[in-house]
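Notes follow the structure.
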Amino acid sequence: MSASASTSQTTVARAFDGDNTTAWNLDAKALKQPQWLMLTLADPGDVQSLTISQKGATPEQLKRALDIFVTYDPMNLGEPVEFTATADKSTGNTVLAFPAKYGAHVRLAIKPGAITKPLSLSELAVEIVKTDNNVDEKGVDRSYLDTTLPIDRRIEIVLAQMTPQEKMELVREGWGIPGVPRLGIPDIKKVEAIHGYSYGTGATMFPQVLAMAASWNAPLMYRVTEAIGQESLEAGSIAAWSPVLDVATDPRWGRCEESFGEDPYLCSEMGKAWVNGYQSKGLITTSKHFGAHGAPLGGRDSHDVGFNEREMREVHLVPFRNVFRECRPQSVMMSYGDYMGVPVGKSKELLRGILRDEWGFDGFIVSDCGAIANMTSRKHYTAVDKVQAANDALRAGIATNCGDTYNDKAVIAAAVDGTLDMQALDDVCRDMLRMMFRQGLFEHNPSKPLNWDKQFPSWQSPGHVALARDMSRQSIVLLKNDDNLLPLSKSVKTIAVIGPGADNLQLGDYSGKTLPGQLKSVLDGIKGAVSPSTKVIHAQGCSFTTDDASHLDEAVAAARKADVAVVVLGDYSGHPSIDGEKRATSGENNDLASLRFQGMQQDLLDAVCATGTPVLLVAQIGRPYDLSSASRQARAILVNWLPGQEGGLATADVIFGDYNPAGRLPMTFPQSAAQLPLNYNFKTSGRRYEYVDMEFYPLYRFGYGLSYTTFAYSNLRINELPDGNVEVKADVTNTGSRAGDEVAQLYVTDMYASVKTRVMELKGFERISLAPGATKTVTFTLTPYDLSLLNVDMDRVVEPGDFRIMVGGMSPDFTASDRIKDSLGYPEGRGVTGTLNYTRPASARYEFAVADVQHNLADGSDLVTVKVTNSGNLTDTGTLTMYVDGTRTGDTRHYELDPSQSKTITFTVPASAGADASWKSLNFVSRHNNLSYTR
Numbered sequence: 002m003s004a005s006a007s008t009s010q011t012t013v014a015r016a017f018d019g020d021n022t023t024a025w026n027l028d029a030k031a032l033k034q035p036q037w038l039m040l041t042l043a044d045p046g047d048v049q050s051l052t053i054s055q056k057g058a059t060p061e062q063l064k065r066a067l068d069i070f071v072t073y074d075p076m077n078l079g080e081p082v083e084f085t086a087t088a089d090k091s092t093g094n095t096v097l098a099f100p101a102k103y104g105a106h107v108r109l110a111i112k113p114g115a116i117t118k119p120l121s122l123s124e125l126a127v128e129i130v131k132t133d134n135n136v137d138e139k140g141v142d143r144s145y146l147d148t149t150l151p152i153d154r155r156i157e158i159v160l161a162q163m164t165p166q167e168k169m170e171l172v173r174e175g176w177g178i179p180g181v182p183r184l185g186i187p188d189i190k191k192v193e194a195i196h197g198y199s200y201g202t203g204a205t206m207f208p209q210v211l212a213m214a215a216s217w218n219a220p221l222m223y224r225v226t227e228a229i230g231q232e233s234l235e236a237g238s239i240a241a242w243s244p245v246l247d248v249a250t251d252p253r254w255g256r257c258e259e260s261f262g263e264d265p266y267l268c269s270e271m272g273k274a275w276v277n278g279y280q281s282k283g284l285i286t287t288s289k290h291f292g293a294h295g296a297p298l299g300g301r302d303s304h305d306v307g308f309n310e311r312e313m314r315e316v317h318l319v320p321f322r323n324v325f326r327e328c329r330p331q332s333v334m335m336s337y338g339d340y341m342g343v344p345v346g347k348s349k350e351l352l353r354g355i356l357r358d359e360w361g362f363d364g365f366i367v368s369d370c371g372a373i374a375n376m377t378s379r380k381h382y383t384a385v386d387k388v389q390a391a392n393d394a395l396r397a398g399i400a401t402n403c404g405d406t407y408n409d410k411a412v413i414a415a416a417v418d419g420t421l422d423m424q425a426l427d428d429v430c431r432d433m434l435r436m437m438f439r440q441g442l443f444e445h446n447p448s449k450p451l452n453w454d455k456q457f458p459s460w461q462s463p464g465h466v467a468l469a470r471d472m473s474r475q476s477i478v479l480l481k482n483d484d485n486l487l488p489l490s491k492s493v494k495t496i497a498v499i500g501p502g503a504d505n506l507q508l509g510d511y512s513g514k515t516l517p518g519q520l521k522s523v524l525d526g527i528k529g530a531v532s533p534s535t536k537v538i539h540a541q542g543c544s545f546t547t548d549d550a551s552h553l554d555e556a557v558a559a560a561r562k563a564d565v566a567v568v569v570l571g572d573y574s575g576h577p578s579i580d581g582e583k584r585a586t587s588g589e590n591n592d593l594a595s596l597r598f599q600g601m602q603q604d605l606l607d608a609v610c611a612t613g614t615p616v617l618l619v620a621q622i623g624r625p626y627d628l629s630s631a632s633r634q635a636r637a638i639l640v641n642w643l644p645g646q647e648g649g650l651a652t653a654d655v656i657f658g659d660y661n662p663a664g665r666l667p668m669t670f671p672q673s674a675a676q677l678p679l680n681y682n683f684k685t686s687g688r689r690y691e692y693v694d695m696e697f698y699p700l701y702r703f704g705y706g707l708s709y710t711t712f713a714y715s716n717l718r719i720n721e722l723p724d725g726n727v728e729v730k731a732d733v734t735n736t737g738s739r740a741g742d743e744v745a746q747l748y749v750t751d752m753y754a755s756v757k758t759r760v761m762e763l764k765g766f767e768r769i770s771l772a773p774g775a776t777k778t779v780t781f782t783l784t785p786y787d788l789s790l791l792n793v794d795m796d797r798v799v800e801p802g803d804f805r806i807m808v809g810g811m812s813p814d815f816t817a818s819d820r821i822k823d824s825l826g827y828p829e830g831r832g833v834t835g836t837l838n839y840t841r842p843a844s845a846r847y848e849f850a851v852a853d854v855q856h857n858l859a860d861g862s863d864l865v866t867v868k869v870t871n872s873g874n875l876t877d878t879g880t881l882t883m884y885v886d887g888t889r890t891g892d893t894r895h896y897e898l899d900p901s902q903s904k905t906i907t908f909t910v911p912a913s914a915g916a917d918a919s920w921k922s923l924n925f926v927s928r929h930n931n932l933s934y935t936r
């Protein structure tokens, strides 16, 4: 068991150390504010009581003061349990008892002012209902262990021997998949691993994902997740609930920090690198949150905009499609939201039609925590109870339930009595077993019980620590550098390091616990970099989130004494937690309305800048912020994001010129939150772009970032190749006096089309290193698919015509007015622009034929197999619906085929319309073609 707390985080472990002489203490002042203690159980179960050894409150006072929550999802606490509080006369302990409730977390919330005297909690024990899992093993057929048998045969041998309870056990979630010991079905321990192994203490913590996206370096991303995979494997966790493939189009959303940014191509390339690196260790990845989770209404987590199919296929489904088609991951997590008005938890269109039929996904689907129960009155009101919600989820193909539905006693009882859809339950069990056999887990299972305290060989290894520092350096974005303030001299006489982030490095959400000294702050980095003669003055000035202004004067005094002031402001993620801070400002369920620095941080920056001392602002943030005021006042601005454990050293490397910054923005920085949404790949306006009181343009555009050197682009070459691909080349020259990296970016604009297209779209990028005076040619290849669009009929086509091709070090300039596409381009030398006149139309052409009809003697149904062939010259999707004697029958099936590719789709004609009923005709209807078949 592990714990976190609202205050005194470093001492909370004393309440679980088995020593009554140590304690987690809350003084009277702290108890005037809301306080909480969150317990994370080693194994989920039915929690029925807490036993507390404490001083400071009677059982009656605790009864009035506490709310107790038992939950599987710490982000959705639900309602507090009803409990009794009694004293155990033999021990003096207080027992808090309540009806057993299943969960993985227990939260004790202390109401403000309810306890007036100091409270000392020395020990706390959780009682979980014991269950009897002993089942007679006599007669178990273990021929499924024969690896020479086909996997589908092995699956059926296991499935035939599973009881309904065992099937429900297989699909519940408890720090992973619990397995079924009687049949030797392996357990699978999982971990959140977006930027490091998070279920332990001392694993290497890399920069948060948005920071790594700012590196625009997919090969380096691969190396990072290869390292995270090694650290996960050593700890015995073989499945990662990562990466986040959501396209983050609203910076107010708290989970921007977990994403790869606002562009579907950038998300795809970095996402593929993440998945391939982790899977290179033989591990399982779970891409999330499928789909459109990164664009919530108003930036508020899981508030659905209600995108149409065009927007989904142009933007939000793109990274998932590319990862699933190219990387073949074994798992995916569905989102809390809806697709075309239907909760994703029951959307056959999304989870079967698009995911499985179109993209060929044959792994297992995980529910986000609580998402299935959310279909009840908790959120969506599409299911009257958990049994209906479970049936809807199973029929959509959701195999693993993070939450409290598949493990609900009423749902398990429904499986036993057959009220649950047992065919759907068997199908999702097949998905689970197929993955296990394919991974070889029945023969060798590397999963091990979680150990929150043990360190493993590769954790903090020199190679991984160096890799964390390198990724952090490569992710840092230089936004402003007036008068070449940076790089600073290491011999500067006096430097003031100011701000709540100066000596408080924040890691971001889903981070592991850290060891003493593991996190290197910006203050640490600066102290380690400057000369012995340099004086470093530190003043915090204010906290991240409170309104306490009492220390601003100390910061101002420090700035006045210094030759330069480094002010470190930004997000409080709660990792690590800091006593006295309010709620986190970034991460899951921590959305912002204003995008302004919270608490007194902006006041601190204003006051320091007013001294006249040159100011470098270091923005330690998990999302784009409104830096309008900072951009007017600070001499230089660096964004080091949530930079990982080595972030302070990496930041100092950039500040003092040991590393030349080359990070580029993966998200647009607006002038104000009032402009949102404001993404670079917008579509043209029907009228104006600007407001009365604000121009349309962002403060810092997508793909932007400065360097300590300069680069020039020249010699654009555009060649249409015989196979229909287009080769784009450009020369990049380092025209400055320092070696440095440049990120060459390829943007394409379809100038005229039958439907509205985006003003520009990223279609390629490459990070290159150049010595002073050196030139390198970057080469990109555009396929016909890259030039395609969805036409008025939602068919994917390539329409011949002019395409503007642009290669530069950022997204192109434009004039937000009429003829906006014609205005696209770069200042001289900053990029090159040309026109491709593409002459080859392309589209799919689908042909259908009934390939086979078989009668199923077991249930009287007919199985009809239709062969679909793409005889066209472009990849596209389609749907096929069966009508039996004029009546629509079964689910609509999807397909996506490359040119010359074929697939077979099997439809079932139910027994009621089967052989005995002598159906006369079948009609298969696609978007543009019909196929008739007469018996």
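Residue numbers for the sequence shown, in the numbering used here: 2 to 936. Even for Gly, the Cβ is constructed at its ideal location relative to N, Cα and C.
Asked	Found
Alpha carbons only, please: which of Glu897, Ser288, Lys868 and Arg889 is nearest the one belonging to Thr878?	Glu897
In this structure, how does DSSP classify Trp460 when only helix, strand and coil are distinguished?	coil
Write down the C-beta distance between Ser260 and Val210 rounded to the nearest angstrom, noting that I regard them as a contact closer than 8 Å.	6 Å
Thr935 and Phe908 - do their beta-carbons sit closer together than 9 Å?	no
Ile622 and Val640 - do their beta-carbons sit closer together than 9 Å?	yes
Buried or exposed for Asp860, please, with buried defined as at least 16 other CB atoms from any protein chain shown within 10 angstroms of its CB.	exposed
How is Ile186 classed by DSSP in three states: helix, strand or coil?	strand
Tell me the residue span of the beta strand (DSSP E) that contains Thr652.	It is not in any beta strand (DSSP E) - Thr652 instead sits in the alpha helix (DSSP H) that spans Gly648 to Ile656.
Nearest CA to the CA of Asp454: which residue from Gln440, Arg928, Asp18 and Ser927?	Asp18
Can the beta-carbon of Ser459 be found closer than 9 Å to that of Ala228?	yes
Tell me whether Gly518 is buried or exposed, calling it buried when 16 or more other Cβ atoms sit within 10 Å of its Cβ.	exposed
Classify Leu468 as helix, strand or coil using the three-state DSSP reduction.	helix
On the three-state DSSP scale, how would you describe Ile69?	strand
Would you give the residue range spanned by the alpha helix (DSSP H) that Pro320 belongs to?	Val319 to Cys328
Tell me the rounded alpha-carbon separation between Arg718 and Thr776.	15 Å
Where does Ser632 fall in DSSP's three states?	helix
Of the choices Lys347, Ala115, Ser243 and Arg689, whose alpha-carbon is the least far from that of Gly400?	A quick correction: the sequence has Ala, not Gly, at residue 400. Closest by alpha carbon: Lys347.
Between the Cα of Gln603 and those of Asn680, Gln461, Thr546 and Arg894, spot the shortest distance and give me the residue it belongs to.	Thr546
Buried or exposed, going by whether 16 or more other CB atoms sit within 10 Å of the CB of Pro773?	exposed
Which stretch, first to last residue, makes up the alpha helix (DSSP H) that contains Trp275?	Pro265 to Gln280
Note down the Cα distance separating Leu421 from Asn392, rounded to an integer number of angstroms.	6 Å
Name the one or two DSSP bridge partners that Tyr714 has.	Val733
Quick one: Cα of Asp554 to Cα of Glu263, how far?	39 Å
Quick one: what does DSSP say Val136 is sitting in, helix, strand or coil?	Residue confidence is low: Val136 scores 47 on pLDDT, short of 50, so the model does not pin down where it sits. Its coordinate-derived value is still stated next. Note: Val136 maps to coil in three-state DSSP.
What are the residues that DSSP puts in a beta bridge with Glu743?	Ile769
Give the single residue among Gly177, Gly809 and Pro297 whose Cα lies nearest to the Cα of Leu677.	Pro297
Return helix, strand or coil for Gly915, following the three-state DSSP convention.	Any reading at Gly915 is ruled out, since the residue's pLDDT is 47, under 50, leaving its predicted position unreliable.
Hey, would you say Ser336 sits closer than 9 Å to Gly292, going by beta carbons?	yes
How about Gly93 and Ser54: do their beta carbons lie closer than 9 Å?	yes
Which residues does DSSP pair with Arg894 in a beta bridge?	Leu881
Decide if the stretch 104-113 is in contact with the stretch 21-41; the criterion is three or more beta carbon pairs, one per stretch, under 8 Å apart.	yes
Per DSSP, what kind of secondary structure is Thr12 in: helix, strand or coil?	helix
For my contact list, Leu520 and Tyr200 are in at a C-beta cut-off of 8 Å; report their separation, rounded to the angstrom.	Actually they do not touch by this definition, with Cβ atoms about 18 Å apart.
How many Å lie between Trp642 and Glu829 at the Cα?	31 Å
Rounded to a whole number of angstroms, what is the C-alpha to C-alpha distance between Asn680 and Gly354?	29 Å
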